[in-house]
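J.: Take a look at this one; I'll ask things after.
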Amino acid sequence: MALSRRDFLSRSAAAAAAAPALGARPPAGSPAGPTDRIGPEPAPLRLRVNGVEHEVEAESRTTLLEVLRWQLGLTGSKEVCDRGTCGACTVLIDGRPALACMTLAVDAAGAEITTVEGLGSPESPGRVQAAFIANDALQCGFCTPGFVVATEAALRCNPRAGVEELQRAVAGNQCRCGSLARIRDAHRVLSGGEPAPVPPGNRAACLEPDRPRVDAPEKVCGAARYSADRARPGMLFARHVLCPFGRARLVSADLDAARRLPGVVEVELGVGEWFEYSGAPAGHVCAESPAALRDAIAALRIDWEFEPVETDWLALHRQQHGPFPPREEDLASFRGADRAAAALARAEVVVEAVYRTQVQVHTPLEPHGAMVDPTEQPVKCWVTTQGTFTCVEAMQRGLELDPEDFEVRCDHVGGGFGSKFGAGREGLLAAQLAHRHGRPVRVFNDRENEMLDTGNRPGSLQWYRVGATREGKLLGGFVRTVGITGIGGGGGVTTPFLYDFGALARSHDDLRTPHGAPRPFRAPGRPQGVFGIEVLMDELAERLGLDPVEVRRRNETSEVRRRMLAEGARLIGWDRRRPSGSQRGRLRRGLGCAGGDWGNGKGRCEVRLTAKPDGTIHIFSGMQDIGTGERTVLIDLAAAALELPRERFVLHLASSKYPYGPASGGSTTARLTAPAVRDACAKLKPHLPAREEVTVEGSFNDDYWGRGGSEAVQFVDLVVDAETGVVRIEKIVALQACGQTVNRKTAENQIHGGVIQGIGYALFEDRVTDPQLGFMVNAGLERYLFPGPLDVPEIVPVLWAESDGLGVRSLGEPCTVPTAGAIANAVANAIGAPIRELPITPERVLAALEGRA
Amino acid sequence: MRRFSYHVAADAVEAARLGAEGSALRKAGGTDLLDRMKEGLERPATVVGMHRALPTGLRREGEWLWIGAGTTLAELGRSAELRRLLPSLAESAGEAATPAIREAATLGGNLFQRPRCWYFRSRHYLCRKKGGAVCWAQEGRHEHHALFDNDHCAVVHPANAAPALIAAGAVLHLVGGDGRRRQLPLAEAYTPAGDDPEVEHRLAADEIVVEVAVPAAALGPRSAHVEIRHKQSFDWPLAMAAANLNGRPGLVLGAVASTPRPVPLPEPPPADEPGLREWAAAAARRAVADATPLPGNAWRLRPARAAAERALLRAAGLAVDPGRKEER
Numbered sequence: 001m002a003l004s005r006r007d008f009l010s011r012s013a014a015a016a017a018a019a020p021a022l023g024a025r026p027p028a029g030s031p032a033g034p035t036d037r038i039g040p041e042p043a044p045l046r047l048r049v050n051g052v053e054h055e056v057e058a059e060s061r062t063t064l065l066e067v068l069r070w071q072l073g074l075t076g077s078k079e080v081c082d083r084g085t086c087g088a089c090t091v092l093i094d095g096r097p098a099l100a101c102m103t104l105a106v107d108a109a110g111a112e113i114t115t116v117e118g119l120g121s122p123e124s125p126g127r128v129q130a131a132f133i134a135n136d137a138l139q140c141g142f143c144t145p146g147f148v149v150a151t152e153a154a155l156r157c158n159p160r161a162g163v164e165e166l167q168r169a170v171a172g173n174q175c176r177c178g179s180l181a182r183i184r185d186a187h188r189v190l191s192g193g194e195p196a197p198v199p200p201g202n203r204a205a206c207l208e209p210d211r212p213r214v215d216a217p218e219k220v221c222g223a224a225r226y227s228a229d230r231a232r233p234g235m236l237f238a239r240h241v242l243c244p245f246g247r248a249r250l251v252s253a254d255l256d257a258a259r260r261l262p263g264v265v266e267v268e269l270g271v272g273e274w275f276e277y278s279g280a281p282a283g284h285v286c287a288e289s290p291a292a293l294r295d296a297i298a299a300l301r302i303d304w305e306f307e308p309v310e311t312d313w314l315a316l317h318r319q320q321h322g323p324f325p326p327r328e329e330d331l332a333s334f335r336g337a338d339r340a341a342a343a344l345a346r347a348e349v350v351v352e353a354v355y356r357t358q359v360q361v362h363t364p365l366e367p368h369g370a371m372v373d374p375t376e377q378p379v380k381c382w383v384t385t386q387g388t389f390t391c392v393e394a395m396q397r398g399l400e401l402d403p404e405d406f407e408v409r410c411d412h413v414g415g416g417f418g419s420k421f422g423a424g425r426e427g428l429l430a431a432q433l434a435h436r437h438g439r440p441v442r443v444f445n446d447r448e449n450e451m452l453d454t455g456n457r458p459g460s461l462q463w464y465r466v467g468a469t470r471e472g473k474l475l476g477g478f479v480r481t482v483g484i485t486g487i488g489g490g491g492g493v494t495t496p497f498l499y500d501f502g503a504l505a506r507s508h509d510d511l512r513t514p515h516g517a518p519r520p521f522r523a524p525g526r527p528q529g530v531f532g533i534e535v536l537m538d539e540l541a542e543r544l545g546l547d548p549v550e551v552r553r554r555n556e557t558s559e560v561r562r563r564m565l566a567e568g569a570r571l572i573g574w575d576r577r578r579p580s581g582s583q584r585g586r587l588r589r590g591l592g593c594a595g596g597d598w599g600n601g602k603g604r605c606e607v608r609l610t611a612k613p614d615g616t617i618h619i620f621s622g623m624q625d626i627g628t629g630e631r632t633v634l635i636d637l638a639a640a641a642l643e644l645p646r647e648r649f650v651l652h653l654a655s656s657k658y659p660y661g662p663a664s665g666g667s668t669t670a671r672l673t674a675p676a677v678r679d680a681c682a683k684l685k686p687h688l689p690a691r692e693e694v695t696v697e698g699s700f701n702d703d704y705w706g707r708g709g710s711e712a713v714q715f716v717d718l719v720v721d722a723e724t725g726v727v728r729i730e731k732i733v734a735l736q737a738c739g740q741t742v743n744r745k746t747a748e749n750q751i752h753g754g755v756i757q758g759i760g761y762a763l764f765e766d767r768v769t770d771p772q773l774g775f776m777v778n779a780g781l782e783r784y785l786f787p788g789p790l791d792v793p794e795i796v797p798v799l800w801a802e803s804d805g806l807g808v809r810s811l812g813e814p815c816t817v818p819t820a821g822a823i824a825n826a827v828a829n830a831i832g833a834p835i836r837e838l839p840i841t842p843e844r845v846l847a848a849l850e851g852r853a
Numbered sequence: 001m002r003r004f005s006y007h008v009a010a011d012a013v014e015a016a017r018l019g020a021e022g023s024a025l026r027k028a029g030g031t032d033l034l035d036r037m038k039e040g041l042e043r044p045a046t047v048v049g050m051h052r053a054l055p056t057g058l059r060r061e062g063e064w065l066w067i068g069a070g071t072t073l074a075e076l077g078r079s080a081e082l083r084r085l086l087p088s089l090a091e092s093a094g095e096a097a098t099p100a101i102r103e104a105a106t107l108g109g110n111l112f113q114r115p116r117c118w119y120f121r122s123r124h125y126l127c128r129k130k131g132g133a134v135c136w137a138q139e140g141r142h143e144h145h146a147l148f149d150n151d152h153c154a155v156v157h158p159a160n161a162a163p164a165l166i167a168a169g170a171v172l173h174l175v176g177g178d179g180r181r182r183q184l185p186l187a188e189a190y191t192p193a194g195d196d197p198e199v200e201h202r203l204a205a206d207e208i209v210v211e212v213a214v215p216a217a218a219l220g221p222r223s224a225h226v227e228i229r230h231k232q233s234f235d236w237p238l239a240m241a242a243a244n245l246n247g248r249p250g251l252v253l254g255a256v257a258s259t260p261r262p263v264p265l266p267e268p269p270p271a272d273e274p275g276l277r278e279w280a281a282a283a284a285r286r287a288v289a290d291a292t293p294l295p296g297n298a299w300r301l302r303p304a305r306a307a308a309e310r311a312l313l314r315a316a317g318l319a320v321d322p323g324r325k326e327e328r
């Protein structure tokens, strides 16, 4: 056969390899033409983006994403993993989806590039964007542009794509908030179907039953600017260098080589020092561009001398606290040991078990960081944070300025989940460098730094020995809990909880490991505690041959949850539940349930309203919206209180110059905002309509507090493949009290998010650490798994409102508390063996099946 | 990524030749290469772009189905012709990685991507595959590592498309930098990590694959590819298997050893359904019988066995569970 390239071609080919539209456009060069040699020096490059020709400058190694974000200011394409594993930078190249981070800019020359900005604008959104807005298919919005573009690509490929095809088209897009069920709703509509029906009663429970979140248009169109998107002329780029190993000495580094490189501004490194955990900051590098920053870090050629570390929890427990589980002689030291021993002596049945939960990493898609701009007055500090006001102290320290001389801003935040209180070491470094160099400085983690040391949900070991009557009434016993807290503390496990355990004697310690410290993570302490408690309840029910729901009802501490148990059992079809272990086939169905709760403390919150003669009412609040919907809550609360349409309100949010609002943690924002807004509205109402500008201040006010709690119960229906150990969840019913719901769509979306993160905690998420050197070997989005579009079941969020006079109550946290326990119990029901460790991997399912046999 | 000069090769011979010069590396879709370069594992002074050099698309000629090495996985997944002729390849390509990666990744790149071992892929670990003295997976975390052939280096072969092609008896057509041509059965193209972990295949430094040819005897509806995944959206499989029952029966496991692992099928498949089910179950048991798992990954033998059995059943046109609707 003659070697002629044309022989091989079945159609016109030769599109850029990374530009995937093979055959869709004419050859980029003559097949017989000379070899193109490009770079390495920067050279002018023409790119056609969103229908406009741009001349940019790129090296051969420059990615399309870098050009879009830093040269063209098209920041709708997000940098999340920079390795092609998240889909957040998805663009269209000649109509096909492409990952901008894995596409060389030079390979995209000559192609038609379309970014999310090219699909529509907030004023005139495209079809996919409109469907995402209407179905509230977003929370923080950081992944949203990628989902929008990938969906658009699928529709261009097949205008009649069904919902399954659209879902498969976004299978490579990662969403951390858990809006995936809403994205499926949007896909249903785009494929000509109807969105999932609203659970009965949800509409009536809400102040705003139908309208979507107010910031959806700017988020779905890529117009929302996150702190990571902020750029200014002359901006410097900096990043920390972390010790990857559990214990290591930085023997040597070529500081001179790094400093000599063009564009390198500052290199600081602890040469000769020992570092005591994986993720410990060893120094930082600052440079004129992202490429110069990476070159400088590579040029350091750091040589680490490492020592083996112990990472086994039981071995560490022996070293630090003695044997686990405790020996008989240890029990006397438990708080309340005498009464507990007496209760066990009375018990007709005793259940004893060890439960174990993993370390879960927050993994917000917008990594931790800040851009601090000292060339503005006051100095602008764009931080990605869950608390505008929690950053003031670090900025004050780093900038050496008084708070009146700078402003903390965070217009949009790409997720936090508890890890973004304060400005972090990243924000502090940005402030210090900005102060030192007098230039804007951007410090944002790369994905590995983000995974190693920006907080986590501590792991836990839990040992229970609990006695009960033959009827399943708990009498008491012993519980020993251990929090796996890295170099930090705060590993508390919430137990006892939900049920009246009688005389329970407790002991708790934190366990040091050579890893980063925990930070609060959505309902700190509770998912791990509830996993232990709820699996224990099912083990007790199993021992006694009682129905698990009935055992719960007999021990419940909440009348609300008792009623939720009955309603949830009805909604999931609990009467279909078969005795545990009674199935023999390959696919085995399991049903399970679990409860949850969260507190509702009062606290400080202020808000300012200004009514203008043009009829607009301006709301000022320093609070932030991290994707929970706080913007929407503020406007819908004021609209309801003043009985005015949304369109009359203008919101000014997320600045330390505005009235004080709480951080987004502990599910505080909506419940503290509501009394403050109602207070302000009551003061403003007599002045309306305003003939001249009127300003009033409102603050948290007991008069508007109302009644209500945040009880939760969830039921799960799933199928286990007994040959592979793979779990497939089909349906989750989430009953959730949150007092007076403000906006239905954002509230239901919060529940979806709590459930989906709970699925991740139950099945997938795990910080996998090398037992030799302590490094987190899955420190990226390829191997740190959380649910994707194809892993999300039907979710039925039931807004539970029993009485009148309800105040706004906690929502974000209680809805993630029951999920893992309920899933574990459903798996146990399917396979006939308890699941005592998270995550529920195929390995653990198969081991449980084998142990039973 | 270190700076590099980018040479876009005009044809296959040039791509083969330039890619053998100095520290040069070849790039097709780039989804694997750029990842390794970003991690700092590769620092080529020259990258050779092959996107103008590689043939794309499918054609029937003589007794073969010819597939251009530059064909993207997305094209393979979308091709109605391939679904008809070699469904196992269409399925494996159409489910690999993510939709956007499939649009860029080529068949040639899929077959010769480098393994995904998390120690190999981290710049912090110097392992045998990178010229070091240690396989960190042996004493480390190795749940995703090899069940066979793992005492020296425990990587698994990641290529989704390889089992289907080997089960079909596919042959690589190679071109050398001096214009020479050679054929190499895909089954013989890979070298086990036990020989030399730094070498993964038998292609010469100046050779590239330009086409993959599948014999007509292996074409037809009776082939299937099955992946068992923990997570359904974007996850590497716990195990995969491809079966081809069109001509000479073939079964190949993937993601269980440093090379795709053909499984001998001593007897031909029986014609009746009960017999066929028994035959498939026995073949699947045999497929993992001589495994040498590491302490932390023996549990993957069960999913590997399931993948093998299901691939055989589906290739035979049977549902995985008797009486249950096929979930293809």
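Chains S and R are the protein sequences, given in the same order. With my numbering, the residue at position 461 of the first sequence is 461, and numbering never jumps. With my numbering, the residue at position 76 of the second sequence is 76, and numbering never jumps. Don't be surprised by glycine CBs; every beta carbon is placed ideally from N, CA and C.
(1) Which stretch, first to last residue, makes up the beta strand (DSSP E) that contains Pro-44(S)?
(2) Is there a Cβ from chain S that is less than 8 Å from the Cβ of Pro-197(R)?
(3) Starting from Asn-701(S), trace the beta strand (DSSP E) in both directions and tell me its first and last residue.
(4) Indicate whether the contact test is met: 3 or more Cβ pairs, each with one atom in the stretch 754-766 of chain S and one in the stretch 193-206 of chain R, closer than 8 Å.
(5) Would you please state the rounded distance, in angstroms, between the beta carbons of Glu-456(S) and Val-359(S)? I believe it to be under 8 Å.
(6) If you reduce the DSSP assignment to three classes, tell me which class Ser-10(S) lands in.
(7) With DSSP as the reference, identify every bridge partner of Trp-274(S), one or two as the case may be.
(8) Please list, in chain order, all residues of the same chain as Ala-315(R) whose beta carbon is under 8 Å from its beta carbon, the five residues on each side excluded.
(9) Listing by chain order, which chain S residues have their CB less than 7 Å from the CB of Leu-34(R)?
(10) How many Å lie between Leu-276(R) and Leu-86(R) at the Cα?
(11) Report the neighbours of Phe-764(S) on chain R: residues whose CB is nearer than 8 Å to its CB, in chain order.
(12) Would you decide whether Val-251(S) is buried or exposed? Buried here means 16 or more other CB atoms lie within 10 Å of its CB.
(13) Would you mind sorting Gly-416(S) into buried or exposed? The rule is 16 or more other CB atoms within 10 Å of its CB.
(14) Between the Cα of Asp-538(S) and those of Pro-524(S), Arg-608(S), Ile-759(S), Val-466(S), spot the shortest distance and give me the residue it belongs to.
(15) Would you give the residue range spanned by the alpha helix (DSSP H) that Gly-283(S) belongs to?
(16) In the stretch 212-245 of chain R, which residues sit with their C-beta less than 7 Å from some C-beta in chain S, listed in chain order?
(17) Look at the alpha carbon of Arg-249(S) and the alpha carbon of Asp-453(S), and state the distance between them as a whole number of angstroms.
(18) So what does DSSP say about Ile-113(S), is it helix, strand or coil?
(19) Taking Cβ positions, are Val-156(R) and Pro-115(R) nearer each other than 8 Å?
(20) Looking at C-beta atoms only, is the number of pairs between the stretch 91-106 of chain S and the stretch 69-83 of chain S that lie closer than 8 Å three or more?
(21) Out of Asn-158(S), Tyr-226(S), Leu-190(S), which has the shortest C-alpha to C-alpha gap to Ile-626(S)?
(22) What's the call for Leu-22(S), buried or exposed, on a 16-neighbour Cβ count within 10 Å?
(23) According to DSSP, is Leu-846(S) part of a helix, a strand, or is it coil?
(24) Output, in sequence order along the chain, the residues in the stretch 258-281 of chain R whose CB is closer than 8 Å to any CB in chain S.
(25) Out of Leu-293(S), Gly-387(S), Ser-507(S), which one is the CA nearest neighbour of Met-1(R)?
T.: Quick answer:
(1) Translated into the one-based positions of the first sequence, residue 44(S) becomes position 44. Pro-44(S) -> beta strand (DSSP E) spans 43-49.
(2) Within the second sequence, numbered from 1, the residue matching residue 197(R) stands at position 197. No, Pro-197(R) does not count as interfacial toward chain S.
(3) Residue mapping note: residue 701(S) aligns to position 701 of the first sequence, counting from 1. Taken as a continuous stretch (DSSP letters only), Asn-701(S) belongs to no beta strand (DSSP E), as it is neither H nor E.
(4) Output reads no: the stretch 193-206 of chain R does not touch the stretch 754-766 of chain S.
(5) In the first sequence, residue 456(S) corresponds to position 456, counting from 1. In the first sequence, residue 359(S) corresponds to position 359, counting from 1. With the sequence shown as reference, residue 456(S) is identified as Asn, and Glu is not the correct amino acid for it. Contact flag correct, Cβ pair sits at about 5 Å.
(6) The count along the first sequence starts at 1 and reaches residue 10(S) at position 10. Bear in mind that a pLDDT of 30 at Ser-10(S), under 50, signals an unreliable position, so the number given afterwards is only what the model happens to contain. Coil.
(7) Position 274 of the first sequence, counting from 1, holds the residue named residue 274(S). For Trp-274(S), the pairing in a beta bridge is given by DSSP as Arg-249(S).
(8) Looking up residue 315(R) in the second sequence gives position 315. Cβ neighbours of Ala-315(R) beyond the five flanking positions: Ser-88, Arg-222, Ser-223, Ala-224, Ala-243, Asn-244, Leu-245.
(9) As a position in the second sequence, residue 34(R) is number 34, starting the count at 1. Ordered by position in chain S, the residues that pass the 7 Å Cβ test against Leu-34(R) are Met-102.
(10) Taking the second sequence and counting its residues from 1, the one referred to as residue 276(R) is at position 276. Taking the second sequence and counting its residues from 1, the one referred to as residue 86(R) is at position 86. Going from the Cα of Leu-276(R) to the Cα of Leu-86(R) covers about 21 Å.
(11) Taking the first residue of the first sequence as 1, we reach residue 764(S) at position 764. Those are His-230, Lys-231, listed as they occur along chain R.
(12) The residue labelled residue 251(S) in the question sits at position 251 within the first sequence. Per the 10 Å Cβ criterion, exposed.
(13) Position 416 of the first sequence, counting from 1, holds the residue named residue 416(S). So Gly-416(S) ends up on the buried side.
(14) Against the first sequence, residue 538(S) aligns to sequence position 538. Here the closest residue by C-alpha is Val-466(S).
(15) Taking the first residue of the first sequence as 1, we reach residue 283(S) at position 283. Note, Gly-283(S): premise wrong, no alpha helix (DSSP H); beta strand (DSSP E) at 280-287.
(16) Ile-228, His-230, Lys-231, Gln-232, Ser-233, Phe-234, Asp-235, Leu-238
(17) Along the first sequence, one-based indexing puts residue 249(S) at 249. Along the first sequence, one-based indexing puts residue 453(S) at 453. Each residue's CA atom was taken as its position, placing Arg-249(S) and Asp-453(S) some 18 Å apart.
(18) Position 113 of the first sequence, counted from the first residue, corresponds to residue 113(S). Strand at Ile-113(S).
(19) Looking up residue 156(R) in the second sequence gives position 156. Looking up residue 115(R) in the second sequence gives position 115. In contact: Val-156(R) and Pro-115(R) (Cβ atoms closer than 8 Å).
(20) Yes, they touch.
(21) Position 626 of the first sequence, counting from 1, holds the residue named residue 626(S). Ranking Asn-158(S), Tyr-226(S), Leu-190(S) by Cα distance to Ile-626(S) puts Tyr-226(S) first.
(22) The count along the first sequence starts at 1 and reaches residue 22(S) at position 22. For Leu-22(S), the predicted structure reports a pLDDT of 31, less than 50, and the residue's modelled location is therefore unreliable. A value from the coordinates is still provided. That one is buried.
(23) Position 846 of the first sequence, counted from the start, is the residue given in the question as residue 846(S). Three-state result, Leu-846(S): helix.
(24) none
(25) Walking along the second sequence from the start, residue 1(R) turns up at place 1. Residue Leu-293(S) is the option with its Cα nearest to Met-1(R).
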